[in-house]
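Chemist: Dropping the structure in here first, questions after.
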Amino acid sequence: MLKATVTGRIWSTKKVSEMPAGSILEVIVDESNSRLLAFDPLGCGEGEKVIVATGSVAAGWFPGKAPPIDALIIGSIDESATKK
Amino acid sequence: MLKATVTGRIWSTKKVSEMPAGSILEVIVDESNSRLLAFDPLGCGEGEKVIVATGSVAAGWFPGKAPPIDALIIGSIDESATKK
Amino acid sequence: MLKATVTGRIWSTKKVSEMPAGSILEVIVDESNSRLLAFDPLGCGEGEKVIVATGSVAAGWFPGKAPPIDALIIGSIDESATKK
Amino acid sequence: MLKATVTGRIWSTKKVSEMPAGSILEVIVDESNSRLLAFDPLGCGEGEKVIVATGSVAAGWFPGKAPPIDALIIGSIDESATKK
Amino acid sequence: MLKATVTGRIWSTKKVSEMPAGSILEVIVDESNSRLLAFDPLGCGEGEKVIVATGSVAAGWFPGKAPPIDALIIGSIDESATKK
Chain A
54 MLKATVTGRI WSTKKVSEMP AGSILEVIVD ESNSRLLAFD PLGCGEGEKV IVATGSVAAG
114 WFPGKAPPID ALIIGSIDES ATKK
Chain B
54 MLKATVTGRI WSTKKVSEMP AGSILEVIVD ESNSRLLAFD PLGCGEGEKV IVATGSVAAG
114 WFPGKAPPID ALIIGSIDES ATKK
Chain C
54 MLKATVTGRI WSTKKVSEMP AGSILEVIVD ESNSRLLAFD PLGCGEGEKV IVATGSVAAG
114 WFPGKAPPID ALIIGSIDES ATKK
Chain D
54 MLKATVTGRI WSTKKVSEMP AGSILEVIVD ESNSRLLAFD PLGCGEGEKV IVATGSVAAG
114 WFPGKAPPID ALIIGSIDES ATKK
Chain E
54 MLKATVTGRI WSTKKVSEMP AGSILEVIVD ESNSRLLAFD PLGCGEGEKV IVATGSVAAG
114 WFPGKAPPID ALIIGSIDES ATKK
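Protein sequences appear in the order of chains A, B, C, D and E.
Residues 54 to 137 (the working numbering) make up the first sequence, in order.
Residues 54 to 137 (the working numbering) make up the second sequence, in order.
Residues 54 to 137 (the working numbering) make up the third sequence, in order.
Residues 54 to 137 (the working numbering) make up the fourth sequence, in order.
Residues 54 to 137 (the working numbering) make up the fifth sequence, in order.
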């Protein structure tokens, strides 16, 4: 998974019908310049540190037929013991 | 998913028969130099900002047997609250 | 998918028995320095511009049990409207 | 798989209910600057050299329905014959 | 797939029980600085040029339940027509 920080939200009206209802957030991966869009089932806000799972495991999280979603926020980070 | 901008379209006559009918667009991932080719079910045009899902979830979106497609435009972006 | 140019062919005698019969080509991804080896079902030649699908969707293209192949040339590019 | 070194641990209280009980460690991939978060079923400690499997194979390791976990520590490294 | 050169071997005693018996080799991807650990069913040696398949197709190669292995040496390279 990736440790990332929420930087904003994306809106899309013209989309495939299989896109699940809910928020698509933009995140930046910590200590890198990579930006991703991830589905957020947790109601995270800008600046929040999150854990992002990517690939088919993100789609597999949804009940029923897997939607075309390849990144999912699976948690918000409380605290980190990582050495800087 | 990746936030990207459509830069063009690709045509292929010599191809595997399992390639689905429709457009393959070239996109550049925003704030990077990465270029991808993605299947477009939405009729997007050059310069349009789009959301691209990659990997097996792209193939899984198609009805019936999954085609060898690893990138799919799942939405066009209306507006972004991302801080620049 | 990736837009790439064929640069050569690989031969392997010592290999797993599940490797499908056919050509493994070396390609370089356009506008990058990434090199990949991809299975070629189309008979592409050196210098040819191709579309490469990667990951499990490449293996899923083969009939029967999926072989350990993670990159597949799915088409040869006719023409591109991409802005340079 | 990736050869990595454990650098810390992540705690998350606000999370999806499908996140399995256990430790999420932060690792840095050796001879790179890439950082990942990986599920640790082995009780690894800071500074330990580990083998990390990524992608859907990590989720597939768990018994029952695959959780949204895309990185798994599958072993701790005893010794390496790698030339430096 | 990736064209890589074997640089060493990894030993792991503390590991998940699902790790298959056999060698885990360290390889460096040719014309890059990326290092990977890959399962070797072919008995390759240091300095040998190999073809590495990555992702879930590596796990799918094993008989029975797929182990948490995301990189597999599928062949040793005889000869290459690649232009340098």
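Glycine is no exception: its CB is placed at the ideal position from the N, C-alpha and C atoms.
Note that this is a predicted model, so its numbers are computed, not measured.
What's the gap between the Cα of residue 81 of chain C and the Cα of residue 69 of chain C?
Modeler: When rounded, the distance between both Cα atoms is 25 angstroms.
Chemist: Check whether the Cβ atoms of residue 128 of chain D and residue 72 of chain E lie closer than 8 angstroms to each other.
Modeler: Taking 8 angstroms as the Cβ cut-off, residue 128 of chain D and residue 72 of chain E qualify as a contacting pair.
Chemist: Using only CA atoms, which one of B:116, B:79 and B:119 lies nearest to residue 56 of chain B?
Modeler: Of B:116, B:79 and B:119, the residue nearest in Cα terms is B:79.
Chemist: Can you tell me whether residue 118 of chain C is buried or exposed? The criterion is at least 16 other CB atoms within 10 Å of its CB, across all chains shown.
Modeler: Residue 118 of chain C is exposed by the Cβ-count criterion.
Chemist: Within 8 angstroms (strictly less), CB to CB, does residue 121 of chain B reach chain C?
Modeler: Output row for residue 121 of chain B: interface = yes.
Chemist: Assign residue 123 of chain C to one of two classes, buried (16 or more other C-beta atoms within 10 Å of its C-beta) or exposed (fewer than that).
Modeler: With 16 or more other Cβ atoms within 10 Å, it is buried.
Chemist: List the residues of chain A whose Cβ lies closer than 9 angstroms to the Cβ of residue 66 of chain D, in chain order.
Modeler: The answer, in chain order, is 128, 129 and 131.
Chemist: Quick check on residue 56 of chain A - is its C-beta less than 8 angstroms from some C-beta in chain D?
Modeler: So, interface residue.
Chemist: When you check each C-beta in the region 93 to 105 of chain B against every C-beta of chain A, which residues fall closer than 7 angstroms?
Modeler: Listed by position along the chain: 94, 95 and 104.
Chemist: Give the secondary structure of residue 91 of chain C by DSSP, where H, G and I count as helix, E and B as strand, and everything else as coil.
Modeler: It is a strand residue.
Chemist: Can you tell which of A:67, A:112, A:116 and A:107 has its C-alpha closest to the C-alpha of residue 97 of chain B?
Modeler: If we check each option's Cα against that of residue 97 of chain B, A:67 comes out closest.
Chemist: Span of the beta strand (DSSP E) holding residue 80 of chain E?
Modeler: Segment 76 to 82, the beta strand (DSSP E) holding residue 80 of chain E.
Chemist: By the three-class DSSP mapping on this structure, what secondary structure does residue 98 of chain D have?
Modeler: Residue 98 of chain D falls in the coil class under three-state DSSP.
Chemist: Please report the straight-line C-alpha distance between residue 134 of chain D and residue 59 of chain B, rounded to a whole angstrom.
Modeler: Below a pLDDT of 50, predicted positions are generally treated as unreliable, and residue 134 of chain D, at 45, falls in that range; the measurement from the model is reported next regardless. Cα to Cα, residue 134 of chain D sits roughly 47 angstroms from residue 59 of chain B.
Chemist: Quick check: the Cα distance between residue 65 of chain D and residue 109 of chain A, rounded to an integer number of angstroms?
Modeler: Rounded to whole angstroms, residue 65 of chain D to residue 109 of chain A spans 22 angstroms at the Cα level.
Chemist: Kindly say whether residue 124 of chain D, judged by its beta-carbon, lies nearer than 8 angstroms to any beta-carbon of chain A.
Modeler: It does: the Cβ of residue 124 of chain D has a partner Cβ on chain A nearer than 8 angstroms.
Chemist: Put residue 109 of chain D into one of helix, strand or coil per three-state DSSP.
Modeler: Helix.
Chemist: Alpha carbon to alpha carbon, how far is residue 77 of chain B from residue 89 of chain C? Give it in angstroms, no decimals.
Modeler: Answer to the nearest angstrom: the Cα atoms are 21 angstroms apart.
Chemist: Should residue 74 of chain D be flagged as near chain A, meaning a C-beta pair shorter than 8 angstroms?
Modeler: No, no contact with chain A.
Chemist: Alpha carbon to alpha carbon, what distance is there between residue 85 of chain B and residue 83 of chain C?
Modeler: Straight-line Cα distance between these residues: approximately 15 angstroms.
Chemist: Which whole-angstrom value is the C-beta distance of residue 113 of chain C and residue 121 of chain B, which I expect to be below 8 angstroms?
Modeler: Contact holds; Cβ gap of about 7 angstroms.
Chemist: Could you list which residues in chain E have their beta carbon closer than 8 angstroms to that of residue 108 of chain D, in chain order?
Modeler: Result: 108, 109 and 123.
Chemist: Find the nearest neighbour of residue 106 of chain D within the set D:126, D:63 and D:130, judged by alpha-carbon distance.
Modeler: For the residues D:126, D:63 and D:130, the minimum Cα distance to residue 106 of chain D belongs to D:126.
Chemist: Taking residue 119 of chain E as part of the beta strand (DSSP E), name the residues at either end of that continuous run.
Modeler: Taken as a continuous stretch (DSSP letters only), residue 119 of chain E belongs to no beta strand (DSSP E), as it is neither H nor E.
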